[in-house]
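Residues 65 to 200 (our numbering) make up the sequence shown, in order. Yeah, the Cβ is synthetic: ideal placement off N, Cα and C, and Gly gets one too.
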Amino acid sequence: MVLRMKNLLVLLALTGFFACSSPQESADCIETDYGIDFTAEAENIYCFSDDLMIEIVSLENALCPCNVLCDWDGEIIVHMNIIRGDQIKEYDYHSVLQDANVPIDLALSFKGYELVSDCTDDNPSTEVAHVILRVG
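What follows is the structure in structure tokens.
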């Protein structure tokens, strides 16, 4: 009976250890590095050579629909979590603003985007396939 309890405790400890692994230790982490452009897609995590991780939560097409005449072209919004160590900051990065309000000291640049399909009258606001970003 004592042996079974010890085995159960070891099993529970191992389960807790693997359940609490950081995203960087996950097989889902895509490695990239500072100073290079990388293609970022929604629901992916990008890991850097230090403890920085960027999780792309979603990509939002806030562009002017192709069948509308707009005063402003619009923008792409990248909804992300910026993770450094034990800090997790939610952030919405606006392609047009390229603002300096990025949480956690980070130089982030928007380099471009690609839509899932061409804009048509039947589909005036298509989804964003991916964006191209650069950190530092």
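Using DSSP with H/G/I as helix, E/B as strand and the rest coil, what is Ser122?
Within the sequence shown, residue 122 is the residue found at index 58, counting from 1. It is a strand residue.
Should the segment 149 to 157 be called in touch with the segment 176 to 192, which here means at least 3 C-beta pairs below 8 Å?
no
Could you name the residues of the same chain whose beta carbon sits closer than 6 Å to that of Glu124, not counting the 5 residues immediately before and after it, in chain order?
Looking up residue 124 in the sequence shown gives position 60. Contacts found: Ile141.
Among Val121, Asp115 and Asn187, which residue has its Cα nearest to the Cα of Ala104?
Position 40 of the sequence shown, counting from 1, holds the residue named residue 104. Nearest of Val121, Asp115 and Asn187 to Ala104, Cα basis: Val121.
Tell me which residues share the same chain as Cys128 and place their Cβ nearer than 6 Å to its Cβ, disregarding the 5 neighbours each side in the sequence.
Taking the first residue of the sequence shown as 1, we reach residue 128 at position 64. These residues qualify, in order along the chain: Cys134, Asp137 and Gly138.
Of the choices Val199, Ala171, Ile196 and Asn131, whose alpha-carbon is the least far from that of Asp61?
The question about residue 61 has no answer here: the residues shown for the chain are numbered 65 through 200.
Compare the Cα-Cα distances from Ile201 to each of Ala171, Ala126, Asp115 and Phe174 and report the closest residue.
This structure does not reach residue 201, given that the chain is present from 65 up to 200, and the question cannot be answered.
Using a Cβ-Cβ cut-off of 7 Å (strictly less than) and excluding sequence neighbours within five positions of Thr190, which residues of its own chain qualify?
Translated into positions along the sequence shown, residue 190 becomes position 126. Closer than 7 Å at the Cβ level, and outside the excluded window around Thr190, lie Asn125, Leu179, Val180, Ser181 and Cys183.
Are there any heavy atoms of the ligand GDP lying less than 7 Å away from the beta-carbon of Glu107, as far as the coordinates show?
By its list of ligands, the structure shown contains no ligand whatsoever, and the ligand GDP lies outside what it can speak to.
Note the first and the last residue of the continuous beta strand (DSSP E) segment covering Cys93.
Counted from its first residue, the sequence shown places residue 93 at position 29. Run containing Cys93: Cys93 to Glu95, per the beta strand (DSSP E) assignment.
Cross-strand partners of Asp101 (DSSP beta bridge):
Position 37 of the sequence shown, counting from 1, holds the residue named residue 101. Answer by DSSP bridge pairing, in chain order: Arg198.
Buried or exposed for Tyr110, going by 16 or more other Cβ atoms inside 10 Å?
To locate residue 110, count along the sequence shown from 1; it is residue 46. By the 10 Å Cβ count, Tyr110 comes out buried.
Skipping 5 residues on each side, what residues in its chain have a beta carbon closer than 6 Å to that of Thr96?
In the sequence shown, the residue the question calls residue 96 occupies position 32. Cβ within range, chain order: Phe102 and Tyr110.
Let me check understanding here. Comparing Cα to Cα, which of Glu107, Ile100 and Gly99 lies closest to Cys93?
Residue numbering aside, residue 93 sits at position 29 when the sequence shown is read from its first letter. Nearest option by C-alpha distance: Glu107.
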